[in-house]
Amino acid sequence: MENPEANHLPEVDSLPDGFVESPTDSLAPKTPILEQEKPLQSDYKEEDLVATEFGAAVEGVSEATLTPLKETSSSESVNSLKDKKPETTETKRKNAKRTFKSEKEFLEFSLKYQQILAERDAAIAVRDKLESLCRELQRQKKMLMDECKRVSTEGQNLRLDLSARFQDAIKDVSNKLEEQKDECLSQLKENEMLRNKLKEFADQCALAEQQYAQKLKQKTLELQLANLKIKQHEEKLVEEQAQMKVYAEQVSQLLATEKNLRLQLTADGEKFQQFQDALFKSNEVFETFKQEIEKTWAGCMIWVSSIFLKIFLCLEGSWRIISPYSCPNMHWTRVLENGWQNR
Numbered sequence: 001m002e003n004p005e006a007n008h009l010p011e012v013d014s015l016p017d018g019f020v021e022s023p024t025d026s027l028a029p030k031t032p033i034l035e036q037e038k039p040l041q042s043d044y045k046e047e048d049l050v051a052t053e054f055g056a057a058v059e060g061v062s063e064a065t066l067t068p069l070k071e072t073s074s075s076e077s078v079n080s081l082k083d084k085k086p087e088t089t090e091t092k093r094k095n096a097k098r099t100f101k102s103e104k105e106f107l108e109f110s111l112k113y114q115q116i117l118a119e120r121d122a123a124i125a126v127r128d129k130l131e132s133l134c135r136e137l138q139r140q141k142k143m144l145m146d147e148c149k150r151v152s153t154e155g156q157n158l159r160l161d162l163s164a165r166f167q168d169a170i171k172d173v174s175n176k177l178e179e180q181k182d183e184c185l186s187q188l189k190e191n192e193m194l195r196n197k198l199k200e201f202a203d204q205c206a207l208a209e210q211q212y213a214q215k216l217k218q219k220t221l222e223l224q225l226a227n228l229k230i231k232q233h234e235e236k237l238v239e240e241q242a243q244m245k246v247y248a249e250q251v252s253q254l255l256a257t258e259k260n261l262r263l264q265l266t267a268d269g270e271k272f273q274q275f276q277d278a279l280f281k282s283n284e285v286f287e288t289f290k291q292e293i294e295k296t297w298a299g300c301m302i303w304v305s306s307i308f309l310k311i312f313l314c315l316e317g318s319w320r321i322i323s324p325y326s327c328p329n330m331h332w333t334r335v336l337e338n339g340w341q342n343r
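Each residue of the sequence shown is one higher than the one before, starting from 1 at the first, in UniProt numbering.
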């Protein structure tokens with residue numbers, strides 16, 4: 001059997017608050033109301049107004065939809081009582097479809113209602129957060145405004161102070177510049193004079209450097225000439241040293257000859273003494289012997305004197321050196337000559 005309650009619509013009291021069972025077209029104004037609610041969440045003062053308007057709109061919709069439902073239910077009941085015809089299978093099937101459709105619409109509207117309630121709660125929470133944030137922002141804004149005013153005042157005072165100090169500094173600098181103007185002019189003239197003197201001194205230094213270079217060149221040439229002279233003197237010294245060696249050899253030879261002559265002279269003296277002793281024995285023999293000795297001795301003295309004279313002249317012309325034995329020899333030769341002449 002078919003359930004007779006399935007053909008009846010649900011009562012209005014069984015629906016949630018603010019909702020009634022009605023077609024989808026009757027609830028069309030709800031969407032623009034919700035769309036108008038979201039942009040108004042930024043202003044916490046307008047949220048209360050939107051909420052009141054939303055409640056009034058829902059109540060108006062529920063009342064508007066409740067009236068035609070009551071009328072349709074009453075008309076259907078009257079018609080059913082008047083006709084009292086047996087229901088056919090087709091009629092039951094249509095009623096079942098209509099009942100299923102109504103339940104489906106009821107479930108959809110219930111879900112939409114729950115969704116709207118969740119959105120409303122979220123909007124309220126967001127509104128509360130926004131209100132707290134707005135209050136915090138207002139407080140921080142006030143603090144920032146006060147801080148900005150304080151900083152601006154301090155900056156203005158600081159700028160005024162710095163401007164006054166800067167003006168005073170400019171005045172001081174201007175006064176000092178005026179005071180130092182004459183001094184700067186005198187220093188400029190002095191610098192110009194010093195520049196001219198420095199230029200003259202630089203010219204003098206350049207001229208002195210040129211003269212010094214010429215003198216240096218001259219001294220270099222003189223030094224080269226002196227080196228050449230020294231070299232020549234060294235060569236002459238080497239030659240003279242070689243010649244001195246030759247002369248030394250000759251002197252050594254002459255000394256050896258002198259020694260031999262001294263020995264010979266000693267022997268001749270002894271012989272002369274023997275001859276003198278024999279002279280007393282015989283005048284004739286002595287006279288003849290004297291003549292022979294005088295001839296022999298004169299030739300020998302002439303030979304010895306000529307040799308010593310040559311040696312003396314050589315030594316005196318070269319180094320002015322005289323042999324230590326030359327003077328005694330000359331003295332003895334003169335003594336002997338004088339003695340023989342006296343005798």
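Here a beta-carbon is modelled for each residue, glycine too, at the ideal position from N, C-alpha and C.
Asked	Found
C-alpha gap between Phe272 and Ala248, whole angstroms	34 Å
Whole alpha helix (DSSP H) elements within the segment 147–195, 4-residue minimum	none
Cβ distance (whole Å) where residue 406 is taken to contact Leu261 below 8 Å	What is shown of the chain runs 1 to 343, which leaves residue 406 out entirely.
As assigned by DSSP and simplified to three states, the class of Thr89	helix
Burial state of Val61 (16 or more Cβ within 10 Å)	Per-residue confidence for Val61 stands at a pLDDT of 40, beneath the threshold of 50, marking its modelled position as unreliable; the derived number appears in the next sentence. Burial call: buried.
Beta-carbon proximity of Leu254 to Ile311, cut-off 8 Å	yes
Own chain, CB closer than 6 Å to Leu117, minus 5 neighbours either side, in chain order	none
Own chain, CB closer than 8 Å to Ala267, minus 5 neighbours either side, in chain order	none
Other residues of its chain near Thr257: CB distance less than 8 Å, five sequence neighbours each side excluded	Ile307
Alpha-carbon spacing of Leu225 relative to Ser252, whole angstroms	39 Å
Cβ-based neighbour list, Glu63, same chain, cut-off 7 Å, excluding 5 preceding and 5 following	Because Glu63 sits at a pLDDT of 47, beneath the cut-off of 50, its placement in the model cannot be relied upon, and the following sentence gives the value as read from the coordinates. Excluding sequence neighbours, Glu63 sits near nothing in its chain.
Helix, strand or coil at Lys45 according to DSSP, with G and I counted as helix	Because Lys45 carries a pLDDT of 44, less than 50, the predicted location of this residue cannot be relied on, and the following value inherits that uncertainty. Of the three classes helix, strand and coil, the one that applies to Lys45 here is helix, per DSSP.
Glu235 versus Lys215: straight-line alpha-carbon distance, rounded	30 Å
Length of the line joining the Cα atoms of Ala125 and Thr89	54 Å
C-alpha gap between Lys219 and Lys199, whole angstroms	30 Å
Alpha carbon of Asp203 to alpha carbon of Leu228, nearest angstrom	37 Å
Arg159 to Val151 span [Cα, whole Å]	12 Å
Rounded straight-line distance, which links the Cα of Glu183 to that of Arg165	27 Å
Buried/exposed call for Ala123, threshold 16 Cβ in 10 Å	buried
Phe109 burial status per 10 Å Cβ neighbour count (16 or more: buried)	buried
Neighbourhood of Lys94 by C-beta, 7 Å cutoff - its chain only, sequence neighbours within 5 removed	none
Residue-chain proximity (Gly269, chain D), Cβ-Cβ < 8 Å	This model lacks chain D altogether, as it is built from one protein chain only.
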